[in-house]
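Taking my numbering, I'd label the letters of the sequence shown as residues 119 to 379.
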Amino acid sequence: DSSYYKVTISSKIYPFNIIEEHHDIDLHFGGHWFPKSCQTEQRLAIIICYRNRESHLKLFLDNIHSFLKQQQLDYTIFVVNQHGREQFNRAALFNVGFIEAIKLYSFNCFIFHDVDLLPEDLRNLYKCGEKPRHMSVAVDKFHYRLLYSTLFGGVTAFSLSDFVGANGYPTIYWGWGGEDDDMYLRVVKKLNKSITRYPIEIARYKMIRTLNHTSGKPNPDRYTILYSKYNYSRDGINTMNYKLHNIVFHKLFTLINVTLT
119 DSSYYKVTIS
129 SKIYPFNIIE
139 EHHDIDLHFG
149 GHWFPKSCQT
159 EQRLAIIICY
169 RNRESHLKLF
179 LDNIHSFLKQ
189 QQLDYTIFVV
199 NQHGREQFNR
209 AALFNVGFIE
219 AIKLYSFNCF
229 IFHDVDLLPE
239 DLRNLYKCGE
249 KPRHMSVAVD
259 KFHYRLLYST
269 LFGGVTAFSL
279 SDFVGANGYP
289 TIYWGWGGED
299 DDMYLRVVKK
309 LNKSITRYPI
319 EIARYKMIRT
329 LNHTSGKPNP
339 DRYTILYSKY
349 NYSRDGINTM
359 NYKLHNIVFH
369 KLFTLINVTL
379 T
């Protein structure tokens, strides 16, 4: 009975201190939780890139902590906050999250997560496998359909070795779009792997409707960059330039404040 696994998503936006009360039991500073009853084989970093979307973040944190605890995972939530006036660079922020997370703890599984997507089914396991996984297959906004076969945006899961092998996300996509298609090509061409997906009836997500948030401007060069013959080895986690302002361990998450340079 699939209804047994359906997640009840809360759409009420609470202040951070109330959300902390919701999840206070056994939650360690920095948004780290692990089950006391069993030893987990994977140490999971959930990495969110962020700028000026506090309402989204509150809804996300309240719901995702409940979801991940039910799956009995050893996880930590990282929020990478982009300062400065440059256009948003989702992919570069994911790389920053990865680089800073592995300095703090021996993570071996990484889930790169848009802040406005919430999982709807507990069978959608937040774990890493032999191949990178596209997690957000079916989103309510798109009538729970996979838009195209090579789609690799929204929520993705990588083992440590696969993310390093792909040299992380591309850093040259400023503005909206292109980086997830590029990442798909990295998996296929650089890792020589295919991506995996859970069945469409399991990998279901609710998109948090826009709450006074304007989407980023599309990058007009995204297709030119994507189909050019640039070298993946020369753009990614090994070429990251950023100024780390600080890392703040909040109760619900670890905040990484950066300016991309």
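Cβ coordinates follow ideal geometry from the N, Cα and C atoms, glycine included. This structure is a prediction, so every number in the text was calculated from the model and none was measured.
Limits of the unbroken beta strand (DSSP E) element including residue i
i, result
"residue 277", "273–277"
"residue 145", "First-last for residue 145: undefined, no H or E at that position."
"residue 322", "322–325"
"residue 365", "360–367"
"residue 376", "372–378"
Distance, residue j Cα to residue i Cα
i, j, result
"residue 240", "residue 323", "11 Å"
"residue 123", "residue 243", "11 Å"
"residue 246", "residue 228", "8 Å"
"residue 238", "residue 326", "12 Å"
"residue 159", "residue 278", "13 Å"
"residue 152", "residue 292", "35 Å"
"residue 260", "residue 126", "20 Å"
"residue 142", "residue 308", "42 Å"
"residue 131", "residue 182", "14 Å"
"residue 224", "residue 163", "10 Å"
"residue 320", "residue 176", "24 Å"
"residue 257", "residue 263", "7 Å"
"residue 275", "residue 313", "10 Å"
"residue 265", "residue 303", "17 Å"
"residue 316", "residue 222", "30 Å"
"residue 178", "residue 186", "12 Å"
"residue 372", "residue 205", "23 Å"
"residue 145", "residue 226", "20 Å"
"residue 148", "residue 138", "12 Å"
Close beta carbons around residue i, own chain, < 8 Å, minus the five adjacent residues each side
i, result
"residue 375", "199, 201, 362, 363, 364, 365, 366"
"residue 379", "359, 360, 361"
Enclosing alpha helix (DSSP H) for residue i [first to last residue]
i, result
"residue 135", "134–140"
"residue 162", "That residue, residue 162, is in no alpha helix (DSSP H); its beta strand (DSSP E) goes 161–168."
"residue 302", "297–303"
Cutoff 6 Å; reference residue i; Cβ partners in own chain excluding five residues on either side
i, result
"residue 311", "249, 305"
"residue 288", "209, 297, 300, 353"
"residue 267", "none"
"residue 150", "194"
"residue 166", "197, 231, 233"
"residue 218", "374"
"residue 192", "152, 158, 161"
Sequence-distant residues of the same chain with beta carbon closer than 7 Å to residue i, five excluded per side
i, result
"residue 189", "240, 243, 244"
"residue 356", "285"
"residue 211", "167, 198, 200"
Item to complete: Could you pull out every unbroken alpha helix (DSSP H) segment of at least 4 residues lying fully inside the region 186–258, listed in chain order?
Response: 208–222
Practice prompt. Pair every Cβ in the region 247–267 with every Cβ in the region 165–174, then say whether three or more of these pairs are closer than 8 Å.
Written response: no
Worksheet item: Pairing CB atoms from the region 263–272 with CB atoms from the region 190–198, are three or more of them under 8 Å?
Response: no
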